[in-house]
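Q: Residue numbers for the sequence shown follow the working numbering, beginning at -6 and rising by one.
Built from N, CA and C at the ideal position, the CB exists for glycine as well.
Right, I'll just put the structure down here and ask away after.
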Amino acid sequence: MLPAIVFRQVQRPLHHGAATLEHVLGVGGSSFVNCLNRYAAATGFIRISFLDIKRRRNWELARLRLYADAKKQSLHLRTQQGRHLLQGVIDRQRAEFIERKNFLVDDIREARHKVQERVREKIDEIREERENIMTIPNMLTISRAILSPYIGYVIVQGDFTLGMNLLAIAGITDLLDGQIARRWPSQASKAGSFLDPMADKLLMGSLVISLCYTDLLPMWLTGIVVFRDVFLLGAGFVIRYISLPPPKTFSRYFDATHVTAQLEPTLLSKINTGVQLATIGFSLGAPIWNYIDHPALQGLWYLTGLTTAATALSYVMNRHNTFKIIKKA
């Protein structure tokens, strides 16, 4: 392969080139390259060999390398800047997320603390509402309630004398429980305000049904007394449900120590209780002392029916004053 030859004129003009080239070629030489070299030397051109081209090429490669390095460095700097920028965004997002997370955790803790406080308050309220029901008046009341069905059984069996004695004992317990509760306040309880009238209703119901069964009391009076007592019992259960704070569970509903309402008997109801007891006593004593169907006894029956119906109406008309809710949710 012939070497690449580049000529550059330094001093002499180009119009001498033709004769000098002919003289050189005519002289002879070993190769065409030597002729060209001689011609270049004779005519004043400086020969640039392949080594010079290689140097120029190396110089161009160096420039390209410098340019590539500069680009690479610029790209690296931009990459570092982008990386730093992205890391800053990630750090800010992470900081905001941690801050929101901390706020959320604080809110959850505060809400849990409030719920715990409300639960403690409810527990304290329930504990405060509980009272001791194992008092002497309540024991007397419960014993009267237990004795009532037995008195009715004795009357149905025709043992009126024993029934009269048991009725007297029941009346004494009714008198004693009220006197003890009023004389000693520590023995009074709100549960007793419900237990006492409930025991009276059970006693009256047992007596009037048994007396009606033995034809010692008219059917219409028995119906009035039983209807009024059933009505008051149902009203008591409804008021208990309304006044019971949540949760309204079965065990809490029948928990006698958890008092939620109080019954305030009216003057008319007290009078009616006395009239009913007198009617029951005189009706039960009629076969013992032989005054069955006496006009005075029949008048007492009508009086008892009137007072019983009047008390039922008074409970309905004055229900806000009769039943007092102690704690309502």
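Can you give me the C-alpha to C-alpha distance between glycine 151 and threonine 207, rounded to a whole angstrom?
A: Spanning the two alpha carbons is a distance of roughly 8 Å.
Q: Where do the ends of the alpha helix (DSSP H) carrying aspartate 170 lie?
A: Where aspartate 170 is concerned, the enclosing alpha helix (DSSP H) stretches over 153 to 176.
Q: Unbroken beta strand (DSSP E) runs of length 3 or more, entirely within the region 201 to 284: which are they?
A: 254 to 256
Q: Using DSSP with H/G/I as helix, E/B as strand and the rest coil, what is aspartate 286?
A: coil
Q: Taking the alpha helix (DSSP H) that threonine 128 belongs to, which residues open and close that run?
A: From DSSP, threonine 128 is part of no alpha helix (DSSP H); its letter is neither H nor E.
Q: Could you tell me the distance, in whole angstroms, from the CA atom of serine 67 to the CA atom of glutamine 74?
A: Annotation: serine 67 to glutamine 74 spans about 10 Å, alpha carbon to alpha carbon.
Q: Does DSSP classify glutamine 80 as helix, strand or coil?
A: In this structure, glutamine 80 counts as helix in the three-state DSSP scheme.
Q: Does the separation of the CB atoms of leucine 277 and phenylalanine 153 fall below 8 Å?
A: yes
Q: For glycine 198, which residues of its own chain have a beta-carbon under 7 Å away from its beta-carbon, when the five flanking residues on both sides are left out?
A: Val219, Asp222
Q: My guess is that threonine 134 and aspartate 100 are in contact by the Cβ rule of under 8 Å, so how many angstroms apart are they, rounded?
A: Not confirmed; about 53 Å, so no contact.
Q: Roughly how many whole angstroms lie between the Cα atoms of phenylalanine 230 and threonine 266?
A: Rounded to the nearest angstrom, the two C-alpha atoms are 21 Å apart.
Q: Suppose the cutoff is 8 Å on Cβ atoms and the five residues either side in sequence are ignored; what does the same chain contact list for valine 149 look like?
A: Ser203, Tyr206, Thr207
Q: Of all the options Arg175, Ala61, Ile144, Leu97, which has the alpha carbon lying nearest to the alpha carbon of alanine 163?
A: When each option's Cα is compared against that of alanine 163, the closest is Ile144.
Q: Does DSSP put asparagine 311 in a helix, a strand or coil?
A: coil
Q: When DSSP labels each residue in this structure, what does glutamine 180 get in the three-state scheme?
A: helix
Q: Taking the beta carbon of arginine 58 as the centre, do at least 16 other beta carbons fall within 10 Å, making it buried, or is it exposed?
A: exposed
Q: What is the DSSP secondary structure of glutamine 73, counted as helix, strand or coil?
A: Glutamine 73: helix per DSSP, three-state reduction.
Q: Measuring alpha carbon to alpha carbon, tell me which residue in Val112, Asp84, Glu92 is nearest proline 238.
A: Val112
Q: Candidates Ala104, Ala303, Arg71, Tyr284: which alpha carbon is nearest leucine 209's?
A: The option with the nearest alpha carbon to leucine 209 is Tyr284.
Q: Where does valine 147 land, buried or exposed, given buried means 16+ other C-beta within 10 angstroms?
A: buried
Q: Would you call arginine 105 buried or exposed, if buried means 16 or more other Cβ atoms sit within 10 Å of its Cβ?
A: In summary, arginine 105 is exposed, with fewer than 16 beta-carbon neighbours lying within 10 Å of its beta-carbon over all protein chains present.
Q: Just to confirm before moving on: does the CB-CB distance between glutamine 180 and threonine 128 stay below 8 Å?
A: yes
Q: Quick one: what's got a C-beta closer than 8 Å to leucine 79's C-beta in the same chain, skipping five residues either side?
A: Result list for leucine 79: empty, nothing under 8 Å.
Q: With DSSP collapsed to three states, give me the class of glycine 150.
A: The sequence as given places glutamine at residue 150; glycine does not occur at that position. It is coil, neither helix nor strand.
Q: Taking leucine 196 as the reference, give the member of Met212, Ala174, Arg175, Ala161 with the closest Cα.
A: Each of Met212, Ala174, Arg175, Ala161 was checked against the Cα of leucine 196, and the nearest Cα belongs to Ala161.
Q: Please go through the same chain and pick out, in chain order, the residues whose beta-carbon is closer than 6 Å to the beta-carbon of serine 23, but skip the five residues on each side of it.
A: Because serine 23 carries a pLDDT of 46, less than 50, the predicted location of this residue cannot be relied on, and no value is offered for it.
Q: May I have the straight-line CA-CA distance separating valine 89 from valine 82, to the nearest angstrom?
A: In the sequence as displayed, the identity of residue 89 is glutamate instead of valine. So the alpha carbons of these two residues sit roughly 10 Å apart.
Q: Since I believe alanine 192 is in contact with proline 130 (beta carbons under 8 Å), could you give me their beta-carbon distance rounded to a whole number of angstroms?
A: In fact, because the Cβ distance is near 11 Å, the residues do not count as touching under 8 Å.
Q: Quick one: what's got a C-beta closer than 6 Å to threonine 272's C-beta in the same chain, skipping five residues either side?
A: Residues of the same chain with a CB within less than 6 Å of the CB of threonine 272, apart from the 5 flanking positions on each side, are Leu293, Thr297 in chain order.
Q: Between proline 280 and the rest of its own chain, which residues show a CB-CB distance below 6 Å, the 5 nearest in sequence each way excluded?
A: Phe153
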